[in-house]
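A.B. asks: Got a structure here, written out as structure tokens. Questions coming.
2 protein chains.
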Amino acid sequence: MTAKIKNKPTGRVTTLSGLAKHLGLSPTTVSFVLNGQAEARKIAPETIKRILAAAEEVDYVPNALARGLRQKRTHAIGVVFPHLKGDWAHRITQGIAEGLGDSKTVPLIVCHYGSGELERELLRSLVERRVDGIICNPLADGFNRYLQVRDRGVPLVFLGDAPKGLDAISYAAWDPAAVGVAVRHLIELGHRRIAYLGVRDSRTISAARRRVYRDTLEEAGLACSRRDIVLNEPGADFEAPVRQLLAGPDRPTAFFALYDDIAISVLGILRAQGLRCPEDVSVATIGDSPLVSAPGHQITTVSCPVEEEGKACAACLEQIIQNPKRDPIHRLVPGGGLVVGRTTGPCPS
Amino acid sequence: MTAKIKNKPTGRVTTLSGLAKHLGLSPTTVSFVLNGQAEARKIAPETIKRILAAAEEVDYVPNALARGLRQKRTHAIGVVFPHLKGDWAHRITQGIAEGLGDSKTVPLIVCHYGSGELERELLRSLVERRVDGIICNPLADGFNRYLQVRDRGVPLVFLGDAPKGLDAISYAAWDPAAVGVAVRHLIELGHRRIAYLGVRDSRTISAARRRVYRDTLEEAGLACSRRDIVLNEPGADFEAPVRQLLAGPDRPTAFFALYDDIAISVLGILRAQGLRCPEDVSVATIGDSPLVSAPGHQITTVSCPVEEEGKACAACLEQIIQNPKRDPIHRLVPGGGLVVGRTTGPCPS
DNA sequence: ATGAAAGCGCTAACAT
DNA sequence: ATGTTAGCGCTTTCAT
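Set out below in structure tokens:
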């Protein structure tokens, strides 16, 4: 009797040890060859050939679970999106793929549809699966969840924004300066009252955008009244606040919309009010979803270097994975030019 | 000296065995409690409480790699998309999430941007990671890759279409009958020559759609000429063939476009030719991307039950995972009503 | 009601 | 130039 056989020699030889036994070699040798370390270990060319041939023949597929368990590295990262709507996620993932370069790391995308509870579960699942790191477009209320990921020792990079006060965690995001580009464009057209339509959001970049809006107005010597800043709850309708702004005396002649969908809804509201755009009121936004530039809209916007954002995140994450003790990286991706559409024009006098 | 300590009792007790040692219990007991099997194993309530408390305290996170290795089940499925553009992937994944129900299975999304080579790598990676199954929107030329997945014993379900001849693999797709709805609409408007603008594609559903087109014409007693069927290479421009069709004598009065982007490009070509839509030529398509219904277009279309497709795929995959030996499932998801836009009208006489 | 122990498939010291 | 071996962290039969 031979020693106890651990890996059952079933018909389909699927394990590395099985392959080794089959060839009368040790798992070590097979492992080294299959991982391209044959050179370093000076394996006989003859042996290499035999191993490669056998692996091919039995269609050997390594078990990444076993490997990951052993190596404490999975060569996978998690990418957490709130949704996959529009082209945003597409462009981000393209950027991520580019940023990952040839590192053989696979981005595994998950999506929580805005549910914090689902996000928590997904983050936990990714941590349990021992991904090497996580890129996450954060929800405004996820502070504790992200902290937990961090505490569990998994490298984390925020994409696009970052919960306020979580400076210990890295992020890569679009430079809020883009807001200034849009607002300055409106100012140059002669507008003096430019309303800000945004979302109540305590995150770092969101807050910075509001600040840029205010600073840009001030730099131009314009008053920045609080009532011109509308901050809705996420998902809430802008109809009421916009109507109210338009009803007041000395109404705003221009709107800056923080997101494209806000801009589009404003266009509808203006039409319903019998106001022409841009003759009566101008509308500008930032970001470039296909809808913004669609023939029906052609909204003036500042184009967003979406891919660059993704790329920066991936590059950043790789650095942290390489050196987990390093200081957090906070990167603002600049760029995106003004795209003048049909929704901005000179201030009516 | 105690027996050799396997799990190093470092500061952070992170493993199950570590936890057990910490509590003076066996891994067995801890494992059962942590997996909700306490009842079945009649663990003392007191013990349960202690374990749960300790797990909480040290923030124990199970290692899914180890569990998967042991159980041969990862509670994850792979979802392979060519791209995440538009709302399609979003709606599909929503459907998948719904179809997965409360099965605690996580869909891991990957994306190959149309590259067969990348698709091969991703499929292999998913297999190596031992996902429980894969949902894949197949490329037209991926026959061998999909067969390989199958041969490696991983449950696979095609989403939206299936390579011809791969009947051994399950699929869930939108019922090609939708084509008939669009074409019949054009026929009812009096059109006699309706051109078909599609893509050269040997997949099952793609071919079935062409058949439905022909059958629908024949049922109405209309001739179905070969020159009215344009099958482009994927990505190729429709300008030349459409111009040619329009230039001929007795030109088509209506176009059926297989995809929304084709329809949109046709709209542009017509305009460039000085033809009005729908007064001179009608255009209809199937599917509902936001662009189709955008105010600039409003193309007549048959809406697609995208979420239902995803849901059907997930349900199908779960069945196969449950019983891998069962016959392949081929499911056609019906539905989607005609949405009459501004691009179809009565046939000009 | 709880524990001992084997082993999932792989890698990487450490031999020889 | 190749082999031995000890785990990675978990589940699960079989004991007690």
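As you go down the protein sequences, you meet chains L and D in turn.
The working numbering puts the first sequence at residues 1474 to 1822.
The working numbering puts the second sequence at residues 1474 to 1822.
Yeah, the Cβ is synthetic: ideal placement off N, Cα and C, and Gly gets one too.
Return the CA-CA distance between residue 1797 (chain D) and residue 1730 (chain L), expressed in angstroms with no decimal places.
C.D. replies: 52 Å
A.B. asks: For my contact list, residue 1818 (chain D) and residue 1662 (chain D) are in at a C-beta cut-off of 8 Å; report their separation, rounded to the angstrom.
C.D. replies: 7 Å
A.B. asks: Taking just the CA atoms, how far does residue 1789 (chain D) sit from residue 1607 (chain D)?
C.D. replies: Residue 1607 (chain D) and residue 1789 (chain D): Cα-Cα distance of roughly 11 Å.
A.B. asks: DSSP on residue 1744 (chain L), reduced to helix/strand/coil?
C.D. replies: helix
A.B. asks: What are the start and end residues of the beta strand (DSSP E) that includes residue 1803 (chain D)?
C.D. replies: 1803 to 1806
A.B. asks: Starting from residue 1697 (chain L), follow the beta strand (DSSP E) in both directions and report where the run begins and ends.
C.D. replies: Residue 1697 (chain L) -> no beta strand (DSSP E), and no H or E assigned at all.
A.B. asks: Determine, using beta carbons only, whether residue 1725 (chain D) and residue 1701 (chain D) come nearer to each other than 8 Å.
C.D. replies: yes
A.B. asks: Quick check for students: name the residue ranges of the beta strand (DSSP E) that lie wholly in the region 1711 to 1799 of chain D, counting only runs of 3 or more.
C.D. replies: 1727 to 1730, 1755 to 1759, 1773 to 1775
A.B. asks: Starting from the Cα of residue 1595 (chain D), find the closest Cα among D:1621, D:1802, D:1695 and give me that residue.
C.D. replies: Restricting attention to D:1621, D:1802, D:1695, the CA atom closest to the CA of residue 1595 (chain D) is found in D:1621.
A.B. asks: If we cut at 8 Å on Cβ distances, does residue 1536 (chain L) have a partner in chain D?
C.D. replies: Closer than 8 Å to some Cβ of chain D, the Cβ of residue 1536 (chain L) qualifies, so yes.
A.B. asks: Between L:1586, L:1515, L:1518, which lies nearest to residue 1708 (chain L) when the distance is taken from Cα to Cα?
C.D. replies: L:1586
A.B. asks: Applying the criterion that 16 or more other CB atoms from any shown protein chain within 10 Å of the CB defines a buried residue, is residue 1424 (chain D) buried or exposed?
C.D. replies: Since the first and last residues shown for chain D are 1474 and 1822, residue 1424 (chain D) lies out of range.
A.B. asks: Near residue 1645 (chain L), what residues of its chain come up, given a Cβ to Cβ distance below 7 Å and the 5 sequence neighbours on each side ignored?
C.D. replies: 1630, 1632, 1782, 1785, 1786, 1789, 1804, 1806
A.B. asks: Relative to the alpha-carbon of residue 1799 (chain L), which residue among L:1713, L:1641, L:1754, L:1774 has its alpha-carbon at the smallest distance?
C.D. replies: For residue 1799 (chain L), the closest of L:1713, L:1641, L:1754, L:1774 by C-alpha to C-alpha distance is L:1641.
A.B. asks: List, in chain order, every chain L residue whose beta-carbon is nearer than 8 Å to that of residue 1812 (chain D).
C.D. replies: Within chain L, no residue comes near residue 1812 (chain D); the closest Cβ sits about 16 Å away, beyond 8 Å.
A.B. asks: If you draw a straight line from the C-alpha of residue 1714 (chain L) to the C-alpha of residue 1812 (chain L), how long is it?
C.D. replies: Each residue's Cα considered, the two are about 27 Å apart.
A.B. asks: Verify the CB distance criterion: does residue 1553 (chain D) have a CB-CB separation below 8 Å to chain L?
C.D. replies: no
A.B. asks: Report the residue from D:1546, D:1559, D:1492 whose alpha carbon sits nearest the alpha carbon of residue 1526 (chain D).
C.D. replies: D:1492
A.B. asks: Which residues of chain D have a Cβ atom closer than 8 Å to the Cβ of residue 1586 (chain L), listed in chain order?
C.D. replies: 1567, 1570
A.B. asks: Let me make sure I understand the geometry here. Which of L:1654, L:1531, L:1728, L:1547 has the alpha-carbon closest to that of residue 1685 (chain L)?
C.D. replies: Considering only alpha carbons, the answer is L:1654.
A.B. asks: Under the three-state reduction of DSSP, which class applies to residue 1669 (chain D): helix, strand or coil?
C.D. replies: strand
A.B. asks: Please report whether the beta-carbon of residue 1563 (chain L) lies at a distance below 8 Å from any beta-carbon of chain D.
C.D. replies: yes
A.B. asks: Which residues of the region 1596 to 1630 of chain D have a Cβ closer than 9 Å to any Cβ of chain L? Give them in chain order.
C.D. replies: Only 1597, 1598, 1599, 1600, 1601, 1602, 1603, 1621, 1624, 1625, 1626 from the region 1596 to 1630 of chain D bring a Cβ to less than 9 Å from some Cβ of chain L.
A.B. asks: Flag residue 1506 (chain D) as yes if its beta-carbon sits less than 8 Å from any beta-carbon of chain L, otherwise no.
C.D. replies: With respect to chain L, the C-beta atom of residue 1506 (chain D) has no partner C-beta closer than 8 Å.
A.B. asks: Name the residue from L:1504, L:1775, L:1634 whose alpha carbon lies nearest to the alpha carbon of residue 1616 (chain L).
C.D. replies: L:1634
A.B. asks: If we count Cβ pairs, one from each stretch, closer than 8 Å, do we get three or more for the region 1545 to 1563 of chain D versus the region 1761 to 1770 of chain D?
C.D. replies: The way I'd put it, the region 1545 to 1563 of chain D does touch the region 1761 to 1770 of chain D; three or more beta-carbon pairs between them come closer than 8 Å.
A.B. asks: Return the chain-ordered list of same chain residues with a C-beta closer than 8 Å to the C-beta of residue 1496 (chain L), the five sequence neighbours on each side being excluded.
C.D. replies: 1503, 1523, 1524, 1527
A.B. asks: Whose C-alpha, out of L:1770, L:1612, L:1500, L:1704, is nearest the C-alpha of residue 1438 (chain L)?
C.D. replies: Residue 1438 (chain L) lies beyond the stretch modelled for chain L, which goes from 1474 to 1822, so this question has no answer here.
A.B. asks: Under a three-way DSSP split, which group does residue 1541 (chain D) fall into?
C.D. replies: helix
A.B. asks: Would you mind sorting residue 1501 (chain D) into buried or exposed? The rule is 16 or more other CB atoms within 10 Å of its CB.
C.D. replies: exposed
A.B. asks: Between which two residues does the alpha helix (DSSP H) holding residue 1499 (chain L) run?
C.D. replies: Judged by DSSP secondary structure, residue 1499 (chain L) falls outside any alpha helix (DSSP H); it is assigned neither H nor E.
A.B. asks: Can you tell me whether DSSP reads residue 1518 (chain L) as helix, strand or coil?
C.D. replies: helix
A.B. asks: So residue 1604 (chain L) packs on residue 1547 (chain L), CB below 8 Å; how close in whole Å?
C.D. replies: 6 Å
A.B. asks: Inspect the beta-carbon positions of residue 1636 (chain L) and residue 1687 (chain L) and report whether they are closer than 8 Å.
C.D. replies: Not a contact, by the Cβ cut-off of 8 Å.
A.B. asks: Between residue 1539 (chain L) and chain D, is the shortest Cβ-Cβ distance under 8 Å, so that the two count as touching?
C.D. replies: yes
A.B. asks: My parser needs the alpha helix (DSSP H) runs of 4 or more residues fully inside the region 1552 to 1603 of chain L; what are they?
C.D. replies: Complete alpha helix (DSSP H) runs here, min 4: 1561 to 1573, 1589 to 1601.
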